[in-house]
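Q:
Numbering (the numbering used here), first residue to last: 2 to 220.
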């Protein structure tokens, strides 16, 4: 076979043979240049390859909030088989954007906090299981809420503020429940009403707001 091929090549005009040799050499040279370029100048991974723009914004918002309140944190911390976006080592609190990680951490001593896609970072303080310093941007909101609750107490006599009563009822706990009982009730209720577990957005939001109100009232 090779002899026949050699005879065929030998029968070709000299200019054809020279063209074939030149073309082969050019192909080899181009391939070599391409491989060298790939090694010397590898394509940099785009930020969106490893993390979506939305996730990056949420991380930046949470990072800014934690820095503002002076809370120490570690990013991308592994807790058993789960990885969380932020871990607060001084509090043993895990902040995650992943509902599956949130539920998986429910059996651990670590307190998980779920941050939904559109949740403002300022609301994170209401979900953390400890009293947080008040950011300057929350001052006006607090003052409005304080005025409302003061007026509500004055009109209601010795009764508890209506927002607190509604919050405890939503969580299904008595008005004498402490922070530990509130936290346990919140974990149970949020699992029941979460959209990923057959619940709906409105019920999920009500439970979150109830927990925020109840814990703020007991702080």
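Cβ coordinates follow ideal geometry from the N, Cα and C atoms, glycine included.
Note that the structure is predicted; figures quoted are calculated from it, not measured.
Mapping DSSP to helix, strand and coil, what is residue 133?
A: coil
Q: Indicate the three-state DSSP secondary structure (helix, strand or coil) for residue 79 in the structure shown.
A: Residue 79 sits in a strand when the DSSP states are folded into three classes.
Q: For residue 92, which residues from the same chain have a beta carbon less than 7 Å from its beta carbon, with the 5 sequence-adjacent residues on both sides left out?
A: 131
Q: Alpha helix (DSSP H) containing residue 181: first to last residue?
A: Residue 181: member of the alpha helix (DSSP H) spanning 180 to 194, first to last residue.
Q: Taking the alpha-carbon positions, what's the residue 133 to residue 73 distance?
A: 12 Å
Q: For residue 110, would you say it is in contact with chain B, using Cβ-to-Cβ distances shorter than 8 Å as the test?
A: No chain B appears in the structure shown, which is made up of a single protein chain.
Q: Taking C-alpha atoms, which residue in 106, 97, 70 lies nearest to residue 81?
A: 106
Q: Where residue 208 and residue 35 are concerned, what is the direct C-alpha to C-alpha distance, given to the nearest angstrom?
A: 59 Å
Q: Can you tell me whether residue 98 is helix, strand or coil according to DSSP?
A: The answer is coil: DSSP assigns residue 98 none of H, G, I, E or B.
Q: Residue 1 lies in the beta strand (DSSP E); which residues open and close that run?
A: Because the chain here runs from 2 to 220, residue 1 falls outside it and cannot be looked at.
Q: Whose C-beta lies closer than 8 Å to the C-beta of residue 175 among residues of the same chain, with five residues either side of it excluded?
A: 169
Q: For the alpha helix (DSSP H) holding residue 126, just list the boundary residues, first then last.
A: 125 to 128
Q: What would DSSP say about residue 88, mapped onto helix, strand or coil?
A: DSSP places residue 88 in strand when its eight states are reduced to three.
Q: Just curious, the alpha helix (DSSP H) that residue 169 is in, first and last residue?
A: Taken as a continuous stretch (DSSP letters only), the alpha helix (DSSP H) holding residue 169 covers 163 to 172.
Q: What residues in its chain sit with their C-beta under 7 Å from that of residue 110, if we drop five residues either side in the sequence?
A: 93
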